[in-house]
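In this note's numbering, the protein residues as written are 542 to 748.
Glycine included, every Cβ here is placed at the ideal spot set by N, Cα and C.
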């Protein structure tokens, strides 16, 4: 009798362990929102997107992804326009070109080929510029911290509906350092920024 009870307890323990292991495995298949640059991983948490027609059937989609730590202040006269961004955190910023006026299409966006005199779009899905900001502080018009321009590689986009997108980043900086990352979330639509008073590294100036 004792042997049967012991056997039952042992089987129950093994079964519980299998269920626990399987559950943990499923959780691990969903990567967290982040990017990794120069062996350091930076968190991300909120997304914004602004779109505009730039030429015939070509549309520009500027993607802004922020981490916690930033506060977005909206324009008092236009609820879709950002007046300012303040705080400290991490930022990814990309300008993607596509054929759809209704948001980003699924697919792999390749970096544009840029020279001093021309800009060559490799196909109908491409990105023109990208920037990464690490531990970046923005207070009023003053900005400080590390930022780097991204010039090569791919950005994979998957539309999930209802303004939700999944991004996978595999790009290279001007310093020939790899940046990889993942972001999945809801993107709030914003209008293109018309300010011109910020310097070239300003986050708002790139929207």
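Check, Outcome
"Is it buried or exposed, residue 614, if we count other Cβ atoms within 10 angstroms and call 16 or more buried?", "exposed"
"Is residue 631 buried or exposed, if buried means 16 or more other CB atoms sit within 10 Å of its CB?", "buried"
"Can you tell me whether residue 715 is helix, strand or coil according to DSSP?", "coil"
"For residue 626, tell me which candidate among 582, 720, 666, 682 has the shortest Cα-Cα distance.", "682"
"If I follow the unbroken beta strand (DSSP E) through residue 731, where does it start and stop?", "No beta strand (DSSP E) holds residue 731; DSSP gives it neither H nor E."
"Taking the beta strand (DSSP E) that residue 609 falls in, what are its first and last residues?", "Note, residue 609: premise wrong, no beta strand (DSSP E); not H, not E."
"Anyone know if the C-beta pair for residue 575 and residue 722 falls short of 8 Å?", "yes"
"According to DSSP, simplified to helix, strand and coil, what is residue 624?", "strand"
"Express the C-alpha separation of residue 635 and residue 595 in angstroms, rounding to a whole number.", "16 Å"
"Taking the continuous beta strand (DSSP E) assigned at residue 687, which residues delimit it?", "683 to 702"
"Quick one: using the 10 Å Cβ neighbour count with 16 as the cut-off for buried, is residue 685 buried or exposed?", "exposed"
"From the DSSP output, which residues share a beta bridge with residue 638?", "601, 667"
"So, helix, strand or coil for residue 673, using DSSP?", "strand"
"Do residue 725 and residue 677 come within 8 Å of each other at the CB atom, strictly closer than that value?", "no"
"Taking its Cβ as the centre, do 16 or more other Cβ atoms sit within 10 Å of residue 666, making it buried, or is it exposed?", "buried"
"Report the option in 612, 705, 716, 720 whose CA atom is closest to the CA atom of residue 541.", "What is shown of the chain runs 542 to 748, which leaves residue 541 out entirely."
"Which class does residue 564 belong to by DSSP, given the choice of helix, strand or coil?", "Here residue 564 scores only 39 on pLDDT, less than 50, and its place in the model is too uncertain to base an answer on."
"DSSP state of residue 573, grouped into three classes?", "coil"
"Tell me the rounded alpha-carbon separation between residue 716 and residue 692.", "10 Å"
"Below 8 Å on the Cβ atoms is my contact criterion, and I expect residue 640 with residue 598 to pass it. Report the Cβ-Cβ distance as a whole number of Å.", "6 Å"
"Less than 8 Å between the beta carbons of residue 709 and residue 694, yes or no?", "no"
"Look up residue 619 in the DSSP assignment and give the residues it is bridged to.", "616"
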